[in-house]
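Protein chains in written order, with UniProt numbering: chain A, 1 to 257; chain B, 1 to 257.
Idealized CB from N, CA, C, for every residue including glycine.
Every value quoted in this text rests on a predicted model; they were computed, and no experiment measured them.
There are 2 protein chains.
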Amino acid sequence: MNKQPKYRQVADALRREIDNGTYPPGSRLPSESELSARFDASRNTIRNGLNLLVTQGLVSSSQGLGYEVTKHEVFELNASRFENLEFPQNGDAYSTDVTNAGRRPHQTFRVELTPAPAYVAERLKVEEGSRAVLRFCHRFVDDVPWSTQATHYPEWLVEQGPRLTEPGDIAEGTTRYLASLGIEQVGYFDEISARMPTPEEARLLEIGAGVPVLLWTRTGFSNDRPIRCTVTTFRGDLNRMNYEIGDLSARSENEPQ
Amino acid sequence: MNKQPKYRQVADALRREIDNGTYPPGSRLPSESELSARFDASRNTIRNGLNLLVTQGLVSSSQGLGYEVTKHEVFELNASRFENLEFPQNGDAYSTDVTNAGRRPHQTFRVELTPAPAYVAERLKVEEGSRAVLRFCHRFVDDVPWSTQATHYPEWLVEQGPRLTEPGDIAEGTTRYLASLGIEQVGYFDEISARMPTPEEARLLEIGAGVPVLLWTRTGFSNDRPIRCTVTTFRGDLNRMNYEIGDLSARSENEPQ
DNA sequence: TGCATCAGCTTGTACCAACAAGCTGAGCAA
DNA sequence: TTGCTCAGCTTGTTGGTACAAGCTGATGCA
Chain A
1 MNKQPKYRQV
11 ADALRREIDN
21 GTYPPGSRLP
31 SESELSARFD
41 ASRNTIRNGL
51 NLLVTQGLVS
61 SSQGLGYEVT
71 KHEVFELNAS
81 RFENLEFPQN
91 GDAYSTDVTN
101 AGRRPHQTFR
111 VELTPAPAYV
121 AERLKVEEGS
131 RAVLRFCHRF
141 VDDVPWSTQA
151 THYPEWLVEQ
161 GPRLTEPGDI
171 AEGTTRYLAS
181 LGIEQVGYFD
191 EISARMPTPE
201 EARLLEIGAG
211 VPVLLWTRTG
221 FSNDRPIRCT
231 VTTFRGDLNR
241 MNYEIGDLSA
251 RSENEPQ
Chain B
1 MNKQPKYRQV
11 ADALRREIDN
21 GTYPPGSRLP
31 SESELSARFD
41 ASRNTIRNGL
51 NLLVTQGLVS
61 SSQGLGYEVT
71 KHEVFELNAS
81 RFENLEFPQN
91 GDAYSTDVTN
101 AGRRPHQTFR
111 VELTPAPAYV
121 AERLKVEEGS
131 RAVLRFCHRF
141 VDDVPWSTQA
151 THYPEWLVEQ
161 GPRLTEPGDI
171 AEGTTRYLAS
181 LGIEQVGYFD
191 EISARMPTPE
201 EARLLEIGAG
211 VPVLLWTRTG
221 FSNDRPIRCT
231 VTTFRGDLNR
241 MNYEIGDLSA
251 RSENEPQ
């Protein structure tokens, strides 16, 4: 009958109770010692079971406090609207979206000249290790880390648009700035994948165990070649990316709210 | 100096050695007892460290065999090309893509009439729990589970397209079938998110610890209302979704291969 | 030769013990 | 009242032990 190992039974029982509302999001689970008594198992076995739930992102633990059922509030990102001249990118769409949602945006910004990593060089069609401008952005919503965004521009582009290396923000947006120089972004290629965060990503995004990152790579093209490559990392549990394709007039009709 | 707990030092050291090629993808790590000797730590501590790497998706373990460095082979999905009348969906694009990649596609298929889940009902603009046709697809590549796809059609649509409830495949594709009835899909709305798999998903996709799922929801619209909602789950480590937006003629120029 | 068995490796499960470290509220002191 | 300390809760870390269970290659029998 009871072929499942005990720590798995513990995890399954707790998961059911989380699902059926016995422990709603934000509430605390019983302590390890209480669970130990309830399931007649050692503390180690209980910890094994709880650890399963943690790595699945259902609960989080903190020393001294206990285990808490996680609650997410998903943030919507409209990826197909981001980039055109009406709505230039580079923080504008982000700040607007966040403010409209009644949240407070905040970002730190950094510019450097670095060798292009292989992944980026491939997409920009330049030599691996050749120089590129990196504009790096670390974004927060209500002071919670939200995403990191690293945009690389190939070196040949800098000769035409020297302001790309300026340390500050480009007020009108980089897309619009480049367009004013006759370099227009006429299309882009998006790649989306998911994986567990590297320690570096976990640090920047303050991600605990059991939360994957969404990786979004956007390569922008002018008429004749790639002009930038943006790699954005999001907390997977707090973000959802949206694409609108074709005629969606039926979607907004009678939309509640 | 050495503030990091020992099990973390073990994980970090092994991660570095994986990154720098000491243990390339597919190779085996030393056994727990060997590592125990090397790091002068108990087996429990070593297991704690290894468990970190497992939940981060860097290595996988199996009883009797040991720990193996994972290797992924990413599969590209062109999401913006999937759905139009030239390339109808429902397995066609999947089979074509997989065959073109020199792999062997295989899928199981199921049709049922069920109450629409809340998530789907919201998108189809029907009452939660009202009946809907579910066409469910479990897809494999070279006999490895690849994705599950659940498409819901609202009940009112079935009255116009009764073949939707047929248990078998619809040869010409559902999109084309519906178009032949005058119900044309003129646009769609995509939502993409990532999270850790539920036990059910882990079972269907044979996902081990440390691998997230990519969730792809596509809602298709006719001129006046939503006509279907497709939820696809992928192994996050084996798939990458692509979107092409705008003019990308520059992308394919001089493309190798 | 061919096949079954088993020793000896591996990880998995389960228990015990002890102390470190973080948090909270009670209670005392200024 | 305000602020500090500390007892007593929580989880985190590390050590130990024992046996179960899966895999592989060597051994030896038919």
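- With a cutoff of 7 Å on beta-carbon distance, H106 of chain A and F140 of chain A are scored as near each other.
- Around the beta carbon of D237 of chain A, 16 or more other beta carbons sit within 10 angstroms, so the residue counts as buried.
- For D19 of chain B, no beta strand (DSSP E) segment is defined; the enclosing uninterrupted segment is the alpha helix (DSSP H) at 6 to 19.
- The residue among B:V144, B:D142, B:P117, B:K125 with its C-alpha nearest the C-alpha of L134 of chain B is B:P117.
- Listed in chain order, the non-local C-beta contacts of R240 of chain A below 6 Å within the same chain comprise V74, E76, local neighbours out to five positions each way being set aside.
- No Cβ-Cβ contact shorter than 7 Å links G187 of chain B with G187 of chain A.
- Between V111 of chain B and P154 of chain B, the gap from beta carbon to beta carbon reaches 7 Å or more.
- For R123 of chain B, the enclosing alpha helix (DSSP H) has its first and last residue at 118 to 124.
- Cβ atoms of T233 of chain B and S130 of chain B stay farther apart than 8 Å, at about 24 Å.
- Within chain B, the C-beta atoms nearer than 9 Å to that of F221 of chain A come from G246, D247, L248, S249, A250, R251, in chain order.
- Spanning the alpha carbons of I183 of chain A and G57 of chain A requires a straight line of approximately 44 Å.
- Here L35 of chain A is actually not in contact with I18 of chain A; their C-beta atoms are around 13 Å apart, not less than 8 Å.
- In this chain, the beta strand (DSSP E) harbouring L113 of chain A covers 105 to 115.
- By a beta-carbon distance limit of 8 Å, L113 of chain A does not contact V69 of chain A. Their separation comes to about 46 Å.
- Chain-ordered, the chain A residues with CB closer than 7 Å to the CB of V186 of chain B read G246, D247.
- Cβ-Cβ separation between D190 of chain B and A79 of chain B: approximately 7 Å, consistent with a contact (criterion under 8 Å).
- Taking 7 Å as the upper bound on Cβ-Cβ separation, chain B lies near residues Y188, F189, D190, E191, I192, S193, A194, R195, M196, A209, G210, P212 of the segment 188 to 213 of chain A.
- For the UniProt domain "HTH gntR-type" (4 to 72) of chain B, the residues whose beta carbon sits under 7 Å from a beta carbon of chain A are, in order, T55, Q56, G57.
- The beta strand (DSSP E) runs of length 3 or more contained entirely in the segment 158 to 246 of chain A are, from start to end of the chain, 187 to 195, 213 to 221, 226 to 235, 239 to 246.
- In the same chain as S222 of chain B, and ignoring 5 residues on each side of it, the C-beta atoms closer than 7 Å to its own belong to I183, E184, Q185, V186, in chain order.
- Partner residues in the beta bridge of P154 of chain A, as assigned by DSSP, are A:A132.
- Contact check for T219 of chain A against R123 of chain A passes: the beta carbons are separated by less than 7 Å.
- For G129 of chain A, no Cβ of chain B is located within less than 7 Å of the residue's own Cβ.
- Relative to A179 of chain B, the option among B:G161, B:E201, B:P167 whose CA is nearest is B:G161.
- F109 of chain B and Q4 of chain A have their C-alpha atoms spaced approximately 30 Å apart.
- Sequence-distant partners of V98 of chain B (beyond 5 residues in either direction) whose C-beta falls short of 6 Å from its own C-beta, in its chain, are P105, V141.
- Put simply, the backbone Cα of A11 of chain A is about 42 Å away from that of N100 of chain B.
- From the listed residues B:H138, B:T165, B:V213, B:A209, the smallest Cα separation to L50 of chain B is found for B:A209.
- In the DSSP assignment, V59 of chain A falls within the unbroken beta strand (DSSP E) covering 59 to 62.
- Taking C-beta atoms as the reference points, Y94 of chain A and Y243 of chain B fail to come closer than 7 Å.
- Counting of Cβ neighbours within 10 angstroms places P212 of chain A among the buried residues, the total reaching 16 or more.
- The residue from B:A150, B:R228, B:Y7 with its alpha-carbon nearest to that of N44 of chain B is B:Y7.
- Setting aside the 5 residues that flank it on each side, G26 of chain A is surrounded in the same chain by K71, each with a C-beta closer than 6 Å to its C-beta; the list follows chain order.
- Per DSSP, the continuous alpha helix (DSSP H) segment holding E32 of chain B begins and ends at 32 to 39.
- For the segment 141 to 168 of chain B, no residue has a beta-carbon sitting nearer than 8 Å to a beta-carbon of chain A.
- Between the C-alpha atoms of F136 of chain A and L164 of chain A there is a straight-line separation of about 12 Å.
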